[in-house]
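In this note's numbering, each residue carries its 1-based index in the sequence shown increased by 2.
Read the structure below first, then the notes.
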Amino acid sequence: MRALVIQNAFGLDNLAFADRPDPAPGPGEVLVRVRAASLNYRDLMIAKGQYNPKLKMPRVLGSDAAGEVVAVGDGVTRFAPGDRVAGCFMQDWEAGPVSEAAAKSALGGEIDGVFAELVVLKERGLVPVPDALSFEEAAALPCAAVTAWNALIGSGCGPGKTVLVQGTGGVSIFALQFAKALGARVLATSGHDDKLARALGLGATAGTNYKTNPDWEKWARQQTDGVGVDIVVEVGGAGTLERSVKAVRFGGHVALIGVLAGAGTFNPVSVLMRAVRVQGVFVGSRAMFEDMLRLIAGEGLKPVIDRVFPFADLPAAFRHLESGSHFGKVVVGV
Ligand SMILES: NC(=O)c1ccc[n+]([C@@H]2O[C@H](COP(=O)([O-])OP(=O)(O)OC[C@H]3O[C@@H](n4cnc5c(N)ncnc54)[C@H](OP(=O)(O)O)[C@@H]3O)[C@@H](O)[C@H]2O)c1
Numbered sequence: 003m004r005a006l007v008i009q010n011a012f013g014l015d016n017l018a019f020a021d022r023p024d025p026a027p028g029p030g031e032v033l034v035r036v037r038a039a040s041l042n043y044r045d046l047m048i049a050k051g052q053y054n055p056k057l058k059m060p061r062v063l064g065s066d067a068a069g070e071v072v073a074v075g076d077g078v079t080r081f082a083p084g085d086r087v088a089g090c091f092m093q094d095w096e097a098g099p100v101s102e103a104a105a106k107s108a109l110g111g112e113i114d115g116v117f118a119e120l121v122v123l124k125e126r127g128l129v130p131v132p133d134a135l136s137f138e139e140a141a142a143l144p145c146a147a148v149t150a151w152n153a154l155i156g157s158g159c160g161p162g163k164t165v166l167v168q169g170t171g172g173v174s175i176f177a178l179q180f181a182k183a184l185g186a187r188v189l190a191t192s193g194h195d196d197k198l199a200r201a202l203g204l205g206a207t208a209g210t211n212y213k214t215n216p217d218w219e220k221w222a223r224q225q226t227d228g229v230g231v232d233i234v235v236e237v238g239g240a241g242t243l244e245r246s247v248k249a250v251r252f253g254g255h256v257a258l259i260g261v262l263a264g265a266g267t268f269n270p271v272s273v274l275m276r277a278v279r280v281q282g283v284f285v286g287s288r289a290m291f292e293d294m295l296r297l298i299a300g301e302g303l304k305p306v307i308d309r310v311f312p313f314a315d316l317p318a319a320f321r322h323l324e325s326g327s328h329f330g331k332v333v334v335g336v
């Protein structure tokens, strides 16, 4: 079977397909024929050496996939051949708080990932895919959607709350959709006016362009009668955190997720003077994935897919994600 690996050096030019022996499931494991996978910003960072400079190579990349069960190992009871499944980002985080051991079980990081025709995953690291979702839609969920869900549930999102989402990538568009479904009001930012128009079409109340309006935290306060938003889904990191802390109300919540805006300095005074809660988020557990699937099924939500590339064009899909021109998720059909 074929798999996409980062070969012997970092850089997108070192992505290549490798032939690997077909894997077989051991006890507690499930062999899955991958039908679709999706890319995350993390995959780009890993390939470029920005995530783990000590990554062991060659490494099969990718954390997000959905497919059909081909065979199960001894002791597996939750799945049978033919079942439609999606893998969990962390194979060893079933429920409760995250642990260091669970973090090491993230696919496509310290262990091989899912950009492959066949993968062996743990029974406890799989969820059933609801009938209403295609493989492409299900493959969009494991990292970005579960992260957005964890951020919103962990910050008390619900009716009466205002949530600010930054940019229109995978995590942020899921956060927009889930926050709306949970009854919150959503403010969106983007570096592109056409993407802002699409975010409004998905239910955001208002949007601003963070390139032409770099003081977007003031705009967020104006949108909330000077009070500030309840929750910021913070994907910019050091380059946006200070503005995010100023965009939330007293006692508001900043869910710290990403690093898109690069380096920056951070003055913590606003955090303490305004009693802001800043909470790091690292994807989520299988239980969170299952809770999120119930909301998706109940609300009839559909992941927003920017484009589906053929498996053979995975390197081109990486370049497309790198360009930042996408809206929502970049997917590959396998
Ligand atoms: N902690 C976790 O568990 C976790 C999980 C998933 C992702 N992440 C992180 O979260 C971030 C987003 O991941 P993703 O997969 O959703 O990425 P993505 O799909 O590649 O999203 C990129 C989008 O972010 C927006 N953006 C870029 N720079 C920005 C800035 N300075 N301010 C605001 N928005 C900006 C752009 O949207 P516009 O074109 O609309 O401006 C861009 O298209 C990444 O840093 C990723 O590593 C962390």
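Glycine included, every Cβ here is placed at the ideal spot set by N, Cα and C.
Small disclaimer: the values here were computed from a predicted structure and weren't measured.
beta-carbon residue i near ligand 1 non-hydrogen atom, thresh 7 Å
i    : result
I233 : no
P290 : According to the sequence provided, residue 290 is Met. The question's Pro does not apply to it. Incorrect: M290 has no Cβ contact closer than 7 Å to ligand 1.
F268 : no
Q52  : no
C159 : no
R309 : no
E168 : A small correction: the amino acid at residue 168 is Gln; Glu does not occupy that position in the sequence shown. Under cutoff, so the answer is yes.
M294 : no
H194 : yes
I259 : yes
K197 : yes
G89  : no
V333 : no
S107 : no
S246 : no
R44  : yes
Residue i - DSSP class collapsed to helix/strand/coil
i    : result
L243 : helix
A263 : coil
R223 : helix
A108 : strand
V273 : helix
G230 : coil
A208 : strand
M59  : coil
S325 : helix
L143 : helix
A118 : strand
R251 : strand
C-beta neighbour in chain B for residue i, strict 8 Å
i    : result
V100 : No chain B appears in the structure shown, which is made up of a single protein chain.
Distance cut-off 7 Å: residue i Cβ against heavy atoms of ligand 2
i   : result
M92 : Ligands displayed in this structure: ligand 1; ligand 2 is not among them.
Expected contact under 8 Å - CB spacing of residue i and residue j to nearest Å
i    : j    : result
L166 : A249 : 6 Å
A147 : M294 : 6 Å
G160 : L184 : 5 Å
D66  : A39  : 6 Å
E70  : R126 : The Cβ separation is near 19 Å, so there is no contact.
A299 : P132 : 5 Å
G1   : G75  : Nothing about residue 1 can be read from this structure; the chain reaches only from 3 to 336.
Beta-ladder partner(s) of residue i, from DSSP
i    : result
E70  : R35, R86
D21  : R4
Q52  : Answer is none; Q52 lacks a bridge partner.
T164 : R187
A257 : V235, Q281
L41  : V332
R309 : V332
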